[in-house]
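A.B. asks: Here the numbering used here = 1-based position in the sequence shown + 9.
Don't be surprised by glycine CBs; every beta carbon is placed ideally from N, CA and C.
A single structure is presented below for examination.
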Amino acid sequence: MALRFFNTYSRELEQFEPRDPAARKIGIYTCGPTVYSRAHIGNFRAYIFEDLLQRHLELRGYKVHRVMNITDVDDKTIRGAREAKVPLAKFTAQFKEAFFEDIETLRIKRADGFPAATDQRYIERMIEMIGALISRGLAYQADDKSVYFRINKFPDYGKLAHFDLTQLQSTGRVKHDEYDKEHIGDFALWKAWDEEDADVKWDSPWGPGRPGWHIECSAMSTALLGDQIDIHCGGVDNIFPHHEAEIAQSEGVTGKKFVRYWLHCAHLLVDGQKMAKSLGNFYTVPDILGKGYTGSEIRYALMRVHYRAPLNFTWEGMKEARESLARIDEWLARLRERSASVSPAKNKGKQAGSMPYTFEEALDDDLNISAALGF
């Protein structure tokens, strides 16, 4: 079976064809953590899906170069540092360390690159890209000194999220600030410095300030993977406005198709509800380890449902994951014993490939892990 993925952009299952099929090299960009707090299990559901994607592509003979960004400057990180009364870098460092501890626990392969938004190399690239967008009429500086992207000047804006710009209204994700932007949906590329930012600022042609979240990813992804990327991943909540903005910015600068395949992981619920600290159902990896479960059991519980289907996390589900993983381990032990007792000649031709629908073929079909595991 040929590899197929559900492309959010087309909303269709598409046969996977990398940019350079002869070289069998694939570039993947995944949206990583915003380090204002410890990542929760909903975040790690997406990271485990992305890990499964990489491992399966490598199993199929591709050489994968994966980049995962770390957002270490935005409204939340600045507010957290201010409330903790520590420098931004010190505040975010603790959560970066916690993130790497957790991916080790969950056996998630490290990406080839973990670029941080505050790295001066990427700040300079962000400024360069913003300048290019302004020169092409795709961005402008408003009266508040911030720089915004003109969504009306990018005809394909909205195609990833599949919405009509005329229906765009002021919401929690698209805010019409007190100053007048040209369009309610115009998003910030460069945020002018204000007193609440304290010492978090960089010089730019438009005055001191800091980059917007969206331009950070465009700058880091294209810097490390080139103007065109094979696969871009994230959670469904990244589709709009974040990934929509990434397309507009990146293609506005390069004039090339930014991403071939967009893959998005569905939400994780806890006991059928959205996870929230106020509901007492907000869990991190250490929280679950503290209940006596292992990293492998957490990984299995977060991976066993197809990535495009919502996953309902329950403690009963954790018990089931433990039991299922124990059965798999027992089966593997018996298989190893049998393999050791059978000569290679006798064992030849009795491979799983003779089955009508193998584990690998199930994963070829849009990473259908549920079918692969027999659910």
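Can you tell me the Cα-Cα spacing of residue 57 and residue 152, whole angstroms?
C.D. replies: Working through the sequence shown from its first residue, we reach residue 57 at position 48. Working through the sequence shown from its first residue, we reach residue 152 at position 143. Distance between the alpha carbons of residue 57 and residue 152: 43 Å.
A.B. asks: Report all residues from its chain with a CB closer than 8 Å to the CB of residue 96; omit the five preceding and five following residues, and keep chain order.
C.D. replies: Here the question's residue 96 lines up with position 87 in the sequence shown. For residue 96, where only same-chain residues beyond five positions count, the Cβ hits under 8 Å are 90, 208.
A.B. asks: Excluding the 5 residues flanking residue 23 on each side, which residues of the same chain have their C-beta closer than 8 Å to its C-beta?
C.D. replies: Position 14 of the sequence shown, counting from 1, holds the residue named residue 23. Answer for residue 23: 13, 14, 15, 16, 270, listed in chain order.
A.B. asks: By alpha-carbon positions, which one of 279, 115, 47, 193 ends up nearest to residue 85?
C.D. replies: The residue you call residue 85 lines up with position 76 of the sequence shown. The residue with the shortest Cα to Cα distance from residue 85 is 47.
A.B. asks: Measuring CA to CA, which of 206, 256, 163 is closest to residue 87?
C.D. replies: Here residue 87 refers to the residue found at position 78 of the sequence shown. It is 206.
A.B. asks: Around the C-beta of residue 52, are 16 or more other C-beta atoms found within 10 angstroms, so that it is buried, or is it exposed?
C.D. replies: Here the question's residue 52 lines up with position 43 in the sequence shown. Label assigned to residue 52: buried.
A.B. asks: Just to confirm, are residue 238 and residue 36 a CB contact at a threshold of 7 Å?
C.D. replies: Along the sequence shown, one-based indexing puts residue 238 at 229. Along the sequence shown, one-based indexing puts residue 36 at 27. Yes, they are a contact pair.
A.B. asks: With distances taken Cα to Cα, identify the nearest neighbour of residue 232 among 176, 248, 129.
C.D. replies: By one-based count along the sequence shown, residue 232 stands at place 223. Of the listed residues, the one whose Cα sits closest to residue 232 is 129.
A.B. asks: Of all the options 319, 289, 315, 334, which has the alpha carbon lying nearest to the alpha carbon of residue 307?
C.D. replies: Along the sequence shown, one-based indexing puts residue 307 at 298. Ranking 319, 289, 315, 334 by Cα distance to residue 307 puts 334 first.
A.B. asks: Is it the case that the stretch 251-269 contacts the stretch 287-298, given that we only count it when at least three CB pairs across the two stretches are under 8 Å?
C.D. replies: No: the two stretches stay apart, fewer than three of their Cβ pairs being nearer than 8 Å.
A.B. asks: Report buried or exposed for residue 147, applying the criterion of at least 16 other Cβ atoms within 10 angstroms of its Cβ.
C.D. replies: As a position in the sequence shown, residue 147 is number 138, starting the count at 1. Under this definition residue 147 is a buried residue.
A.B. asks: By DSSP, does residue 185 sit in helix, in strand, or in coil?
C.D. replies: Locating residue 185 in the sequence shown gives position 176, where the first residue counts as 1. Any reading at residue 185 must be qualified, since the residue scores a pLDDT of 48, below 50, and its modelled position is unreliable; the value itself is stated next. Residue 185: coil per DSSP, three-state reduction.
A.B. asks: Note the first and the last residue of the continuous beta strand (DSSP E) segment covering residue 343.
C.D. replies: Translated into the one-based positions of the sequence shown, residue 343 becomes position 334. Run containing residue 343: none in the beta strand (DSSP E); it sits in the alpha helix (DSSP H), 324-350.
A.B. asks: Less than 7 Å between the C-beta atoms of residue 68 and residue 139, yes or no?
C.D. replies: Position 59 of the sequence shown, counting from 1, holds the residue named residue 68. Position 130 of the sequence shown, counting from 1, holds the residue named residue 139. Contact: no.
A.B. asks: In terms of alpha-carbon separation, which member of 65, 248, 277 lies closest to residue 321?
C.D. replies: Reading the sequence shown from its first residue, position 312 is the one you call residue 321. Considering only alpha carbons, the answer is 277.
A.B. asks: Is the Cβ-Cβ distance between residue 124 and residue 161 less than 7 Å?
C.D. replies: To locate residue 124, count along the sequence shown from 1; it is residue 115. To locate residue 161, count along the sequence shown from 1; it is residue 152. The answer is no: Cβ separation not under 7 Å.
A.B. asks: Do residue 135 and residue 228 have their C-beta atoms closer together than 7 Å?
C.D. replies: As a working mapping, residue 135 is identified with position 126 in the sequence shown. As a working mapping, residue 228 is identified with position 219 in the sequence shown. Yes; because the gap between Cβ atoms is below 7 Å, this pair is in contact.
A.B. asks: Look up residue 228 in the DSSP assignment and say whether it is helix, strand or coil.
C.D. replies: For this step, residue 228 is matched to residue 219 along the sequence shown. Helix, per DSSP.
A.B. asks: Leaving out five residues on either side along the sequence, give the residues of the same chain with a beta carbon under 7 Å from the beta carbon of residue 61.
C.D. replies: Counted from its first residue, the sequence shown places residue 61 at position 52. So the qualifying residues of the chain are 312, 376, 378.
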